[in-house]
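Asker:
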Amino acid sequence: MKILQIALDVPLPRLFDYRLAGEPADSLVGRLARVPFGPGVKIGVVVQVADTSDQPADKLKSAELVADLPALPADWLELCGFCARYYHFPVGQVTTFALPPLLRRGKKPRNPKAKASAVPPAPTLLAPLARNPGSLPPTGGASAWDGPAPTFHSATPDQAAAIKAITQASGFQTFLLHGVTGSGKTEVYLRAIESVLALGGQALMLVPEIALTPQLESRVSARFPGAQIVSAHSGVADAARARAFLAAQEGRADIVLGTRLSVFMPMPRLQLIVVDEEHDASFKQQEGLRYSARDVAIFRAKQRDIPIVLGSATPSFESFYHAGSGRYRRLDLPLRAVALAMPRVATVDTRKQKLQDGLSAELIAAISERLRRGEQSLIFLNRRGYAPVLACPSCGWISHCRRCAANLVLHLADRRLRCHHCGLEVAVPHACPDCGNLDLQPFGRGTQRLEAKLVELFPSARILRIDRDSADSPKKWHALLAAIHAGEADILIGTQMLAKGHDFPLLTLVGVVGADAALFAADFRAPERLFSQLMQVGGRSGRAALPGEVLIQTEYPDHPLYRALIEHDYSAFAQEQLAERDAAGFPPFAFQALLRAEAPELAGALAFLATAVEAAEALAAPDISLYDPVPMRLARLKNRERAQLLVESRSRPALQSFLADWMTQLYTLKMPRDLRWHLDVDPLEF
Ligand SMILES: [Zn+2]
Ligand SMILES: [Zn+2]
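Taken in order, the sequence shown gives residues 1407 to 2092; the numbers are from this note's numbering.
#1: With DSSP collapsed to three states, give me the class of K1758.
#2: Compute the minimum distance between the beta carbon of D1840 and the heavy atoms of ligand 1, and state whether it is under 7 angstroms.
#3: Is any non-hydrogen atom of ligand 2 found closer than 7 angstroms to the C-beta of A1812, if you look at the structure I gave you?
#4: Should the stretch 1654–1671 be regarded as contacting the stretch 1631–1639, the criterion being three or more beta carbon pairs within less than 8 angstroms?
#5: Which whole-angstrom value is the C-beta distance of E2054 and A2018, which I expect to be below 8 angstroms?
#6: Mind checking whether the beta-carbon of S1800 lies closer than 7 angstroms to any heavy atom of ligand 1?
#7: Rounded to whole angstroms, what is the Cα-Cα separation between G1732 and V1602?
#8: Thinking C-alpha only, which one of R2039, K1906, V1943, D1711 is nearest P1614?
#9: Can we count L2012 as close to ligand 2, meaning its CB is less than 7 angstroms from some heavy atom?
#10: Could you check if K1591 is buried or exposed, using at least 16 other CB atoms within 10 Å of its CB as the buried criterion?
#11: Where does the unbroken alpha helix (DSSP H) through Y2033 begin, and where does it stop?
#12: Are there any heavy atoms of ligand 1 lying less than 7 angstroms away from the beta-carbon of N1788, as far as the coordinates show?
#13: Starting from V1831, follow the alpha helix (DSSP H) in both directions and report where the run begins and ends.
#14: Taking Cβ positions, are I1899 and E1857 nearer each other than 8 angstroms?
#15: Output the distance between the C-alpha atoms of G1401 and Q1902, rounded to the nearest integer angstrom.
#16: If you follow the alpha helix (DSSP H) that H2084 is part of, which residue opens it and which one closes it?
#17: Rank A2005, S1800, Y1595 by C-alpha distance to the C-alpha of Q1847 and give the top, closest one.
#18: Rounded to whole angstroms, what is the Cα-Cα separation between L1765 and K1708?
#19: Write down every uninterrupted run of the beta strand (DSSP E) in the stretch 1920–2002 whose length is 3 residues or greater and which is fully enclosed by it, in chain order.
#20: R1595 to I1569, Cα distance in whole Å?
#21: If I follow the unbroken alpha helix (DSSP H) through H1728, where does it start and stop?
#22: In the DSSP assignment, what residue or residues form a beta bridge with F1849?
#23: With DSSP collapsed to three states, give me the class of D1682.
#24: Can you have a look at L1535 and say buried or exposed, based on whether 16 or more other CB atoms are within 10 angstroms of its CB?
#25: Hey, out of F2092, A1703, Q1691, I1785, whose CA is closest to F1578's CA?
#26: With 16 as the cutoff for other CB atoms within 10 Å, does S1879 come out buried or exposed?
#27: Smallest Cα separation from H1584: which of I1599, Q1565, G1632, D1432?
#28: In angstroms, rounded to a whole number, what distance separates the CA positions of V1754 and A2016?
#29: Considering just the uninterrupted stretch of the alpha helix (DSSP H) at R1510, what are its terminal residues?
#30: Select from Y1734, A1609, F1689, R1649 the residue whose C-alpha is nearest the C-alpha of E1677.
#31: Pull the bridge partners of F1581 from the DSSP assignment, please.
#32: With distances taken Cα to Cα, identify the nearest neighbour of H1974 among F1937, A2009, A1561, Q1983.
#33: Compute the minimum distance between the beta carbon of W1803 and the heavy atoms of ligand 1, and state whether it is under 7 angstroms.
#34: Look at D1385 and R1790 and say whether their C-beta atoms are less than 8 angstroms apart.
#35: Please state whether the Cβ-Cβ distance between R1809 and L1823 is less than 8 angstroms.
Listed below in structure tokens is the structure:
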């Protein structure tokens, strides 16, 4: 008798045995199967076939294969197995996550062949906004994926060298393509993809944000009109996502573009992986399977013995370190592809002057100058809302979220107080809820307050605010982008939303406001993030025919981070930060995992972690450091108290082997019903 060992969406790190119902089939491994489980029915993936089971034969229930769906390939199962082992996550939950929602339910998308092989196929899978070229201007913006693409079919010497290195790679090799904004990284990706397609291979390209995929799709499909291109991200409708998955799996799709989840697309002819903006934190999933798509992509390239290209203007310090140590091969694109100077970066010392609602005289003068010349300015403030808190000066009341350890942010546009962590919102009170004082005061400033001040200072200027409140749908977001490109805005106020991947030809001034707080954050990755954010936002200026200027308002004008930005010296800053991390024993010089627990009371979460520490100490694993359980920085979220425990080792194998033993122990612990815990391997957020 054949025993099917099936991965099911159950929070247990094991497979489940079933008998095969009906006729024996040839290929069982990789097939989807429908099985009775508890009181219901589940769909799972057959991972292995065995001749015997630990369970008595008469206890085995029977599984029914889902018809009409092809078996998932062995390397896909192996990829899921790797994620289950490395992230210590139940294998059935990995396979479920890696499948598109329709296939998880054992359903086949209707008429997949007719849809997926129609010519030209790509537009059917494009997000709606990208299908309407009228929503974007014909030049500049439309192809502004990575700056203007004037060198459509000719490469600079640096680009040519990078393309040659990638296309001549034999087998697995990780390339770090380090190029400033506008240096033409996309052209290198496209050339490498071109050479893979010419050899009959498939290419996978990962990008950090859904918002960026339509632009990229337009550019890629214009470049490869004969190729079948599919996209995979959470914004694609269920049926289209399942069709894209099957098109990739059956080898009909030549190029797969997508966000982090597309790293799980099965691709039999996969010959190249590209991870653009590899430093971006959105490649790491922060819930469920807490995987890093960049790291999983590297595993996948190794598994398939193919090259992978990680591209960035500001590589993660981990990747930069690996390039320095020779583990990755570094490829540099030091110049902007279009002959342009880098923007002039300068600090404005705000200690010596009285600011007007957060704006210095220099910045106001610089904005006036742009208005006079008919150019655009962008004021970058990475905090949305009007003010981060509303307070009562007479009794000390502040707008606090009753579900989280956080303040409610004042949104004056619609007179609401909102929690940016849990989404709770209430109307702005007319008087202090505690003492009845009518004079409540906003403290600090967000983009709305800055907007109000700029409207007051420049009453005739056209001012656009771009943040998650003003661009809360793709439609609004694209309308805002179109307005900017059409020159219908003089001053932009934006959060990090505006920093990525957009090229504004008329933009010549970027003002940075309120960045200092991140200089002294407790998270050791905060300087890296701030540097990359400011480099990106600065890169928005002066990208067409006009030179750009970046003014950073700060109370710490001599801070090494700002000095490095002024010098455009990423490498110097990265090396300095890496030296600090080496001394402190932080990644990439150590490997980390966080065990997090949440419960209605903090004591419950801490008690679980204390038990986990005892279990860990009993294992007496070598080379492992265990830290004390502590409340998380945002200790209360949605009425749940959260605590965490850091585990560290200088050796990745030592950490992995310890975690495997430790998890086995933790799964056997008896847990209060209201306690939840999870493990985060290589955590990005603390
Ligand atoms: Zn009061
Ligand atoms: Zn809240």
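Beta carbons: idealized from backbone N, C-alpha and C, even for Gly.
Answerer: Checking against the coordinates, here is how it stands:
#1: K1758: helix per DSSP, three-state reduction.
#2: Yes.
#3: Yes, Cβ of A1812 sits closer than 7 angstroms to a heavy atom of ligand 2.
#4: Touching, yes.
#5: About 15 angstroms; that fails the 8 angstroms criterion.
#6: Distances between the C-beta of S1800 and the heavy atoms of ligand 1 include at least one below 7 angstroms.
#7: In a straight line, the C-alpha of G1732 is about 25 angstroms away from that of V1602.
#8: Nearest option by C-alpha distance: K1906.
#9: L2012: no, Cβ never under 7 angstroms from ligand 2.
#10: Buried: at least 16 other Cβ atoms inside 10 Å.
#11: Per DSSP, Y2033 lies in no alpha helix (DSSP H) and is assigned neither H nor E.
#12: Relative to ligand 1, the beta carbon of N1788 is positioned no closer than 7 angstroms to any heavy atom.
#13: Residue identity differs from the one stated: residue 1831 is Glu in this sequence, not Val. In the DSSP assignment, E1831 falls outside any alpha helix (DSSP H) and lies within the beta strand (DSSP E) extending over 1831–1833.
#14: In contact: I1899 and E1857 (Cβ atoms closer than 8 angstroms).
#15: There is simply no residue 1401 to check, as the chain begins at 1407 and stops at 2092 in what is shown.
#16: Counting along the chain, H2084 falls outside any alpha helix (DSSP H), though it belongs to the beta strand (DSSP E) covering 2082–2087.
#17: Closest option to Q1847, judged by alpha-carbon separation, among A2005, S1800, Y1595: S1800.
#18: Taking the straight line from one Cα to the other gives about 50 angstroms.
#19: Considered as a whole, the stretch 1920–2002 harbours 1955–1960 as its complete beta strand (DSSP E) runs of no fewer than 3 residues, in chain order.
#20: Inspection of the sequence shows that residue 1595 is occupied by Tyr rather than by Arg. For Y1595 and I1569, the distance between alpha carbons rounds to 8 angstroms.
#21: Segment 1723–1730, the alpha helix (DSSP H) holding H1728.
#22: According to DSSP, F1849 bridges with V1795.
#23: Reduced to three states, the DSSP call for D1682 is strand.
#24: In this prediction, L1535 has a pLDDT of 28, which is less than 50 and means its spatial position is unreliable; what the coordinates show is noted afterwards. Buried is the call here.
#25: Ranking the options by Cα distance to F1578, first place goes to A1703.
#26: It counts as exposed.
#27: Measuring from the Cα of H1584, the nearest candidate turns out to be Q1565.
#28: Cα to Cα, the separation comes out at about 48 angstroms.
#29: Per DSSP, R1510 belongs to the alpha helix (DSSP H) from 1507–1510.
#30: First, the amino acid is wrong: residue 1677 is Gln here, not Glu. Checking every option, the nearest Cα to that of Q1677 belongs to A1609.
#31: DSSP output for F1581 lists V1715, R1735 as bridge partner(s).
#32: Nearest option by C-alpha distance: F1937.
#33: For ligand 1, at least one heavy atom lies less than 7 angstroms from the Cβ of W1803.
#34: Here the chain comprises residues numbered 1407 to 2092, so residue 1385 is not present and cannot be evaluated.
#35: No, the Cβ-Cβ distance between R1809 and L1823 is not below 8 angstroms.
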